[in-house]
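Taking it in order: structure first as structure tokens, then the write-up.
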Ligand code: FES
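Laid out in structure tokens, this is it:
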């Protein structure tokens, strides 16, 4: 994902905006990213990704998501249709609140 690609598609909050917000406000928990233009407060699709980004930032790592914007958007569309999530790109200890969909 490039810096100007949106992480929160509901509110058009880009990776760059989130990175700047974290550097400016030093959020202690991922949920504080909702103060950045409402990120994560719409359909909730981006919440595990916000958690991952916050984890990267907290460790001093480069903030990035290993997913193309097209794939990200299509997975969100599926999530909105089915209510289930493809956890790819969210796997890590950074997502304590994220529960993968049940095995089928
Ligand atoms: S994509 Fe962020 S709340 Fe919907």
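In our numbering, the protein residues as written are 6 to 109. Even glycine gets a Cβ: it sits at the ideal position worked out from N, Cα and C. Treat the numbers as computed from the prediction; the structure is a model and nothing was measured.
Nearest-angstrom Cα separation, counted from residue j out to residue i
i, j, result
"residue 79", "residue 11", "13 Å"
"residue 1", "residue 82", "Residue 1 lies beyond the residue range present for the chain, which begins at 6 and ends at 109; the question has no answer from this structure."
"residue 55", "residue 38", "7 Å"
Near the ligand FES: residue i beta-carbon under 7 Å from a heavy atom
i, result
"residue 51", "yes"
"residue 14", "yes"
"residue 60", "no"
"residue 65", "no"
"residue 41", "no"
"residue 44", "yes"
Cβ pair residue i, residue j closer than 8 Å
i, j, result
"residue 85", "residue 48", "yes"
Practice problem: Examine the Cβ distances between the stretch 22-42 and the stretch 86-94 and report whether three or more of them are shorter than 8 Å. | Solution: No: fewer than three Cβ pairs fall under 8 Å.
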